[in-house]
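First comes the structure, then the notes that go with it.
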Amino acid sequence: MRKFRPYDPNQTFEMPPTLREWLPAGHLALFISDVVDALSLEEIYRSYENADGRGQPPYHPAMMVKLLVYGYCIGVLSSRKIAKATETDMAFRVLAANQHPDHDTLAAFRQRHLKALANLFLHILKMCQKAGLVKLGNLAVDGSKVLANASKHKAMSYERMEQAEKQLEAELVALLTEAQRRDEAEDKEFGKGHRGDALPKELERREKRLQVIRAAKAELEAEAKVKAGEEARKAQEKRAEREKQEQETGKKRGGRPPQVKEPAQAKPELKAQKNFTDPESRIMKDGATKGFVQAYNAQAAVDSHAQIIVATGVTQEANDKKQLVPMLLKVEQNTGSLPQASTADTGYFSTEAITDERLKSVNLLVPPDRQKQGEVLPETTGSAPEDASIIEQMRQKLRTTAGRELYRQRKAIVEPVFGQIKAARGVRRFSFRGLARVMAEWDIICMTHNLLKLFQSAWRPAPSAVCA
7 MRKFRPYDPN QTFEMPPTLR EWLPAGHLAL FISDVVDALS LEEIYRSYEN ADGRGQPPYH
67 PAMMVKLLVY GYCIGVLSSR KIAKATETDM AFRVLAANQH PDHDTLAAFR QRHLKALANL
127 FLHILKMCQK AGLVKLGNLA VDGSKVLANA SKHKAMSYER MEQAEKQLEA ELVALLTEAQ
187 RRDEAEDKEF GKGHRGDALP KELERREKRL QVIRAAKAEL EAEAKVKAGE EARKAQEKRA
247 EREKQEQETG KKRGGRPPQV KEPAQAKPEL KAQKNFTDPE SRIMKDGATK GFVQAYNAQA
307 AVDSHAQIIV ATGVTQEAND KKQLVPMLLK VEQNTGSLPQ ASTADTGYFS TEAITDERLK
367 SVNLLVPPDR QKQGEVLPET TGSAPEDASI IEQMRQKLRT TAGRELYRQR KAIVEPVFGQ
427 IKAARGVRRF SFRGLARVMA EWDIICMTHN LLKLFQSAWR PAPSAVCA
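The working numbering numbers the first residue of the sequence shown as 7 and each following residue consecutively.
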């Protein structure tokens, strides 16, 4: 006769006396709990000071923060899934102390305290610095397209908006004419003031659609004027510089002077698009899939020592050209100093960025040319001639032994970070809409990345008192 281990689904037994004992020592959820207990949540607590006292008391903020932070750490962002997990998942159940906030409560808490949760990024970064995980010797900057909480099929180009606007205007005229004809017929049948039916639904639907299209069209036109104004300002500066040089040298410069266009006359490009679900997101080409997606361009500056994210950013521009300087200045703002060296791919190169005085202490390695896969650049020694262009100086620096070695590390520093966020944790799409909210959520995502790195190290927070 076969023998099996005893099995009785109806068996009764006593659970350990404390919730922490429900999980094995060293579990991520216990680490998250200890870290959150060590953080100051005063910004969140203050928002409850003026409560009128009516209704049930809210759930404890520390418990709600722990649930959300742990969820982001393991790739569970949905408030519905977190709510369910407080009943079915032991780790969530321990963090919730056997309480079960519903998904509406979790979603409302995250919405209400999104900025405060994003501000925890700096607190966790300071912990990483204290733990010795940030060295700022070599740092890599990169961006990745993260899907917006919107479908690209809900986007429309400016050209299509103009066509749709005209079409809807014509349809509205036809519907209004038909509605008037019906009114007159009903007046004869039912008498004046007694309508046989309400305003046609087709008319109401088209009016709403026209309003949405006109609003999106107006936003594109406003953006085009702002962009034209910036271009006009730069053209005027170049023209003034040109005239100054001509006066100093007494010679006319060759070539056509910069043309200053009137911003008020600027119109959007016909292919410029606006998404009706998240108007601040953009259609971008995803470098991984080579397909076009509705997304934001999420930026990260990563320290080489332990792959800690030391600065974050989100831009609506698919191109990274303008991101190098602001990202490195954020590193200084967040950590107190600039890195010794920083690498970035070709998309970040511009002479303005490379020659920015604020970054003169940083050894920048940003190739001006796109390198073919498998291509090996010839190794050189020494520096470029003093009269060489900025582009040629950078090419020469990247061909030296030291330059080649530093730039070779770039992919191994930053690309695994995006892989860990997107592939390992499954965070490929933002939960929120609008640039400001997306930026806050990106800080939370990057904060939890750093938390996981901190968890993998030997560092642990000092024991703290029970939450008030």
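All residues carry an ideal CB built from backbone N, CA and C; glycine is no exception.
If you draw a straight line from the Cα of K378 to the Cα of A446, it comes to about 36 angstroms. A contact is defined here as three or more CB-CB pairs under 8 angstroms, and the region 347-358 meets this definition with respect to the region 321-330.
If you draw a straight line from the Cα of N144 to the Cα of M333, it comes to about 14 angstroms.
For Q462 and L73, the gap between their C-alpha atoms comes out near 20 angstroms.
Between the C-alpha atoms of V147 and A394 there is a straight-line separation of about 26 angstroms.
Per the Cβ contact rule, the region 252-266 is not in contact with the region 295-305 (fewer than 3 Cβ pairs under 8 angstroms). D148 has A306 as its beta-bridge partners, per DSSP. For A347, no alpha helix (DSSP H) segment is defined; the enclosing uninterrupted segment is the beta strand (DSSP E) at A347 to T349.
Restricted to the region 28-111, the alpha helix (DSSP H) segments that are unbroken, complete and at least 4 residues in length are 34-44, 48-52, 67-79, 85-94 and 96-101, listed in chain order. DSSP, read as helix, strand or coil, puts F115 in helix. N281 is classed as buried because its beta carbon has at least 16 other beta carbons within 10 Å across all chains shown. Under the 10 Å beta carbon count, M96 is surrounded by fewer than 16 other beta carbons and is classified as exposed.
Nearest in C-alpha terms to E93, of all of Y78, G81, T24 and H109, is H109. A straight-line Cα-Cα distance of about 32 angstroms links D449 and L404. If you draw a straight line from the Cα of K9 to the Cα of V433, it comes to about 46 angstroms.
Closest in alpha carbon position to K207, among K273, A191 and L181, is L181. In the structure shown, the three-state DSSP call for A246 is helix. The three-state secondary structure of F355, taken from DSSP, is coil. Put simply, of S39, A418 and K273 the residue whose alpha carbon is nearest the alpha carbon of V100 is S39.
For R211, the secondary structure class from DSSP, reduced to helix, strand or coil, is helix.
Within the model, the alpha-carbon separation for V320 versus A390 is close to 35 angstroms.
It is roughly 31 angstroms from the alpha-carbon of S150 to the alpha-carbon of L47.
A straight line joining the alpha-carbon of V337 with that of R212 spans about 49 angstroms.
For N281, the uninterrupted beta strand (DSSP E) segment begins and ends at Q279 to N281. When DSSP states are grouped into helix, strand and coil, L344 belongs to the coil group. By a beta-carbon distance limit of 8 angstroms, P374 contacts R401. Their separation comes to about 7 angstroms. When secondary structure is reduced to three states using DSSP, I315 falls in the strand class. Pairing A234 with E249, the inter-Cα distance amounts to about 22 angstroms. Setting aside the 5 residues that flank it on each side, V140 is surrounded in the same chain by C134, D309, H311, I314, V316 and T341, each with a C-beta closer than 7 angstroms to its C-beta; the list follows chain order.
A Cβ-Cβ separation of about 7 angstroms places T283 in contact with S157 under the 8 angstroms criterion.
Separation of the CB atoms of Y51 and P67 is rounded to 6 angstroms, and the pair is thereby assigned contact status at 8 angstroms.
Taking a C-beta distance under 8 angstroms as the contact criterion, T361 and T386 do not qualify as a contact pair.
Using a 10 angstroms sphere on the CB of K136, the tally of other CB atoms stays under 16, which defines it as exposed. Taking C-beta separations shorter than 8 angstroms and ignoring five residues to either side along the sequence, the partners of Q251 in its chain run R259, following chain order.
The beta carbon of C452 sits closer than 7 angstroms to those of F127, A306, I315 and T318, all from its chain and outside the five residues before and after it, given in chain order.
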